[in-house]
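Asks: The opening residue of the sequence shown carries number 59 in the working numbering; numbering runs sequentially from there.
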Amino acid sequence: MLSEYKIELTAIKLKKIDTTVESYIEDIYKYLEYIEEKKHINSALNIKEEDIIDYLTYLDKNNYEKTSIVRKIVSIKLFHKYLSEKYHIEDISIKIDKPRVRRKLPNILSIEEVDNLLDIELNNAFDYRNKAMLELMYSSGLRVSELVDLKLKDIDLDNGYVKCFGKGNKERIVPVGELAVEYLKKYIYEYRDSMKKGYYTENIFLNNHGKKISRQGFFLIIKDIAKQKNIDKNITPHMLRHSFATHLLNNGADLRTIQEMLGHSSITTTQIYTNVSTDILKENYELYKRRD
59 MLSEYKIELT AIKLKKIDTT VESYIEDIYK YLEYIEEKKH INSALNIKEE
109 DIIDYLTYLD KNNYEKTSIV RKIVSIKLFH KYLSEKYHIE DISIKIDKPR
159 VRRKLPNILS IEEVDNLLDI ELNNAFDYRN KAMLELMYSS GLRVSELVDL
209 KLKDIDLDNG YVKCFGKGNK ERIVPVGELA VEYLKKYIYE YRDSMKKGYY
259 TENIFLNNHG KKISRQGFFL IIKDIAKQKN IDKNITPHML RHSFATHLLN
309 NGADLRTIQE MLGHSSITTT QIYTNVSTDI LKENYELYKR RD
């Protein structure tokens, strides 16, 4: 049953769901383990609505994060919808609601911290690669996966645009700042060939072995640079994306524009940055009051 369900999930590619097929399957494995061990039910077709509620209560009592419980509910509802359609039975999960989760405000860097992070001493090809990656990420708001997946055919440096593929493989065109264009040209035209190590790849950003740099590789690079710069924050690559959006908003960009650039399917996702900007405004006001 689970193997068939996995094939079903893979077939539809979960285009609108922000997680992997494997995560959903893992959720259902744990769910069915509980149902079998605690409820003594050996067939998923015999599960009742109260069994689902008991499982969710168990998760809550065992201090699972609300975000984790929400995802497990989505997994369970998908699973029971699948059973309902395949075996023509009632969908017992239809009345199960997801709890509301208060979204955390994203952590951002100040403009001064961004300037410090991006002020890289340029001595070799790796320095130019790192400079180009960071400048591009901050000037365009790309996700890390979008950045490392970029290929040479995806960039138009003469006109200052990159083409990327976001969640659900949605294509979008994003403008790129002048500094990012300058260092991309420098890296691609003067240094990238020396990093190939005999391999051929269309990916723009290469690792020490001449292959496509990984998300984890980029994570370690930005961590190392932040450490060298003595930036006292737990910096992650996604912080550059958050900082890009917040700084745009603070400088007068409208939410719709930021939504398009970030590739958000819903503007409600983008609206979180208005809360960040309000918090910054309050901090500045309090600082002004102390100085008054």
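From the three backbone atoms N, C-alpha and C, an ideal C-beta is built for every residue, glycine too. Treat the numbers as computed from the prediction; the structure is a model and nothing was measured.
Please report the Cβ distance between Tyr82 and Ser133, rounded to the nearest whole angstrom; I am assuming they are in contact, meaning their Cβ atoms lie under 8 Å.
Replies: Here residue 82 is taken as the residue at index 24 of the sequence shown, counted from 1. Here residue 133 is taken as the residue at index 75 of the sequence shown, counted from 1. Confirmed, about 5 Å.
Asks: Terminal residues of the continuous alpha helix (DSSP H) containing Glu171?
Replies: Taking the first residue of the sequence shown as 1, we reach residue 171 at position 113. Residues 169–176.
Asks: Is DSSP giving Asp214 helix, strand or coil here?
Replies: Position 156 of the sequence shown, counted from the first residue, corresponds to residue 214. Three-state DSSP puts Asp214 in a strand.
Asks: So if DSSP puts Tyr219 in a beta bridge, which residue, or which two residues, is it bridged to?
Replies: Taking the first residue of the sequence shown as position 1, residue 219 is located at position 161. In the DSSP output, where bridge partners are listed per residue, Tyr219 has Asp214, Pro233.
Asks: With Lys209 and Tyr241 assumed to form a contact (beta carbons below 8 Å), what rounded beta-carbon distance in angstroms separates them?
Replies: As a first step, residue 209 must be located in the sequence shown, where it is residue number 151. As a first step, residue 241 must be located in the sequence shown, where it is residue number 183. About 18 Å; that fails the 8 Å criterion.
Asks: Pop quiz: Ala183 and Met253 are said to be a contact at Cβ under 8 Å. What is the actual Cβ separation, rounded to whole angstroms?
Replies: Position 125 of the sequence shown, counting from 1, holds the residue named residue 183. Position 195 of the sequence shown, counting from 1, holds the residue named residue 253. So it is a contact: roughly 5 Å between Cβ atoms.
Asks: Go ahead and label His267 buried or exposed: buried means 16 or more other beta carbons lie within 10 angstroms of its beta carbon, across all protein chains shown.
Replies: Here residue 267 is taken as the residue at index 209 of the sequence shown, counted from 1. By the 10 Å Cβ count, His267 comes out exposed.
Asks: Which class does Asn261 belong to by DSSP, given the choice of helix, strand or coil?
Replies: The residue given as residue 261 occupies position 203 in the sequence shown. In the structure shown, Asn261 sits in a strand (DSSP, three-state: E or B).
Asks: Short check: CB of Leu200 to CB of Leu192, under 8 Å?
Replies: Here residue 200 refers to the residue found at position 142 when the sequence shown is read from its first residue. Here residue 192 refers to the residue found at position 134 when the sequence shown is read from its first residue. No, they are not a contact pair.
Asks: Which whole-angstrom value describes the C-beta separation of Tyr219 and Val202, a residue pair presumed to lie in contact below a C-beta threshold of 8 Å?
Replies: Here residue 219 corresponds to residue number 161 of the sequence shown, with the count starting at 1. Here residue 202 corresponds to residue number 144 of the sequence shown, with the count starting at 1. No, Tyr219 and Val202 are not in contact; Cβ-Cβ is about 20 Å, not under 8 Å.
Asks: What does a CB cutoff of less than 7 Å around Leu90 pick up in its chain, not counting 5 residues either side in sequence?
Replies: Sequence index remark: in the sequence shown, residue 90 carries index 32 (1-based). Correct list, in chain order: Ala102.
Asks: Hey, Leu320 and Thr328 are a contact pair by Cβ (cut 8 Å); roughly how many whole angstroms apart?
Replies: If you number the sequence shown from 1, residue 320 lands on position 262. If you number the sequence shown from 1, residue 328 lands on position 270. Yes, Leu320 and Thr328 are in contact; Cβ-Cβ is about 6 Å, under 8 Å.
Asks: State the Cα-Cα distance for the pair Tyr331 and Lys97, rounded to the nearest angstrom.
Replies: By 1-based counting over the sequence shown, the position of residue 331 is 273. By 1-based counting over the sequence shown, the position of residue 97 is 39. Distance between the alpha carbons of Tyr331 and Lys97 is about 44 Å.
Asks: Using C-beta distances below 6 Å, list every residue in its chain close to Gly235, excluding the 5 sequence neighbours before and after it, in chain order.
Replies: Residue numbering aside, residue 235 sits at position 177 when the sequence shown is read from its first letter. Within the same chain, Gly235 has close Cβ partners Ser197.
Asks: Can you look up Asp350 in the DSSP assignment and give me helix, strand or coil?
Replies: Taking the sequence shown and counting its residues from 1, the one referred to as residue 350 is at position 292. Note that Asp350 has pLDDT 39, beneath the 50 cutoff, so the model's placement of it is unreliable and the number below is only indicative. It is coil, neither helix nor strand.
Asks: Tell me which residues share the same chain as Lys269 and place their Cβ nearer than 7 Å to its Cβ, disregarding the 5 neighbours each side in the sequence.
Replies: Here residue 269 refers to the residue found at position 211 of the sequence shown. Closer than 7 Å at Cβ, skipping near neighbours: Tyr257, Thr259.
Asks: I need the boundaries of the alpha helix (DSSP H) containing Gln317, first residue and last residue.
Replies: Residue mapping note: residue 317 aligns to position 259 of the sequence shown, counting from 1. Start and end: 313–320.
Asks: Is the separation between the beta-carbon of Phe263 and that of Ile271 shorter than 8 Å?
Replies: Locating residue 263 in the sequence shown gives position 205, counting from the first residue. Locating residue 271 in the sequence shown gives position 213, counting from the first residue. In contact: Phe263 and Ile271 (Cβ atoms closer than 8 Å).
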